[in-house]
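See below for the structure under consideration.
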Amino acid sequence: MLSKSDSPRYIAEEFGRRLKRLRLNKNLRQIDVAAHSGLSRKIILNAEIGNVTLENLIQILYTLNALDDLDSFLPEPPLSPIQLLKLKGKERRKASKSTAMKKVDKKDLGW
Numbered sequence: 140m141l142s143k144s145d146s147p148r149y150i151a152e153e154f155g156r157r158l159k160r161l162r163l164n165k166n167l168r169q170i171d172v173a174a175h176s177g178l179s180r181k182i183i184l185n186a187e188i189g190n191v192t193l194e195n196l197i198q199i200l201y202t203l204n205a206l207d208d209l210d211s212f213l214p215e216p217p218l219s220p221i222q223l224l225k226l227k228g229k230e231r232r233k234a235s236k237s238t239a240m241k242k243v244d245k246k247d248l249g250w
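Mapping to our numbering: the sequence shown position 23 is 162, numbers consecutive.
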């Protein structure tokens with residue numbers, strides 16, 4: 140388990156080890172992941188030692204069918220009450236008079 144006292148480098152390396160375990164559990168070679176993701180084998184290798192860009196990481200997780208794991212890793216935070224108020228704006232309480240409903244002269248009806 141990771142802790143706050145772990146260095147960023149250690150956490151990145153641990154993330155790479157977990158990524159490698161995920162790939163091996165799916166019985167895939169680095170070259171297979173590279174071919175399916177459109178990335179090079181070198182990028183996969185670097186990812187597994189903790190050196191990966193966010194964009195490449197997302198592509199690898201997509202290839203490994205593990206994007207749902209990203210959601211549990213960093214769930215979307217709920218909106219604060221202040222943000223909800225800003226989004227809410229003014230609520231309509233009643234309909235306004237329609238300008239499309241004009242008085243029609245009886246002569247225009249052809250009566």
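All C-beta atoms in this analysis are idealised placements derived from N, C-alpha and C, irrespective of residue type, glycine included.
Helix, strand or coil at D145 according to DSSP, with G and I counted as helix | Your numbering for residue 145 matches position 6 in the sequence shown. The answer is coil: DSSP assigns D145 none of H, G, I, E or B.
Run the CB neighbour count on R162, radius 10 Å, all protein chains shown included, and call it buried at 16 or more, exposed below.
-> On the sequence shown, position 23 is the one that residue 162 refers to. That one is buried.
Residue interval of the alpha helix (DSSP H) (run including P220) = Taking the sequence shown and counting its residues from 1, the one referred to as residue 220 is at position 81. First-last of the alpha helix (DSSP H) with P220: P220 to K227.
Which two residues bound the contiguous alpha helix (DSSP H) that contains R180?
-> Position 41 of the sequence shown holds residue 180. That run of the alpha helix (DSSP H) goes R180 to A186.
The stretch 186 to 200 / the stretch 152 to 167 touching (three or more Cβ pairs under 8 Å) = yes
What's the C-alpha gap between L200 and H175?
-> What you label residue 200 is simply residue 61 of the sequence shown in a count that begins at 1. What you label residue 175 is simply residue 36 of the sequence shown in a count that begins at 1. Their Cα atoms are separated by approximately 11 Å.
CA-CA distance, L203 and S235?
-> Along the sequence shown, read from residue 1 onward, the residue named residue 203 stands at position 64. Along the sequence shown, read from residue 1 onward, the residue named residue 235 stands at position 96. In a straight line, the C-alpha of L203 is about 54 Å away from that of S235.
Rounded distance between the beta-carbons of N195 and I182, thought under 8 Å = Within the sequence shown, the letter at position 43 stands for residue 182. Within the sequence shown, the letter at position 56 stands for residue 195. Contact holds; Cβ gap of about 5 Å.
Look at the Cβ atom of L193, then the Cβ atom of Q169, and state whether they are nearer than 8 Å.
-> Here the question's residue 193 lines up with position 54 in the sequence shown. Here the question's residue 169 lines up with position 30 in the sequence shown. In this structure, Q169 does not lie closer than 8 Å to L193 by Cβ.
Beta-carbon separation (whole angstroms), Q198 vs L178, contact threshold 8 Å | Here residue 198 is taken as the residue at index 59 of the sequence shown, counted from 1. Here residue 178 is taken as the residue at index 39 of the sequence shown, counted from 1. Correct: roughly 6 Å between the Cβ atoms.
DSSP three-state assignment for A173, whether helix, strand or coil = Numbered from 1 along the sequence shown, position 34 holds the residue referred to as residue 173. Helix.
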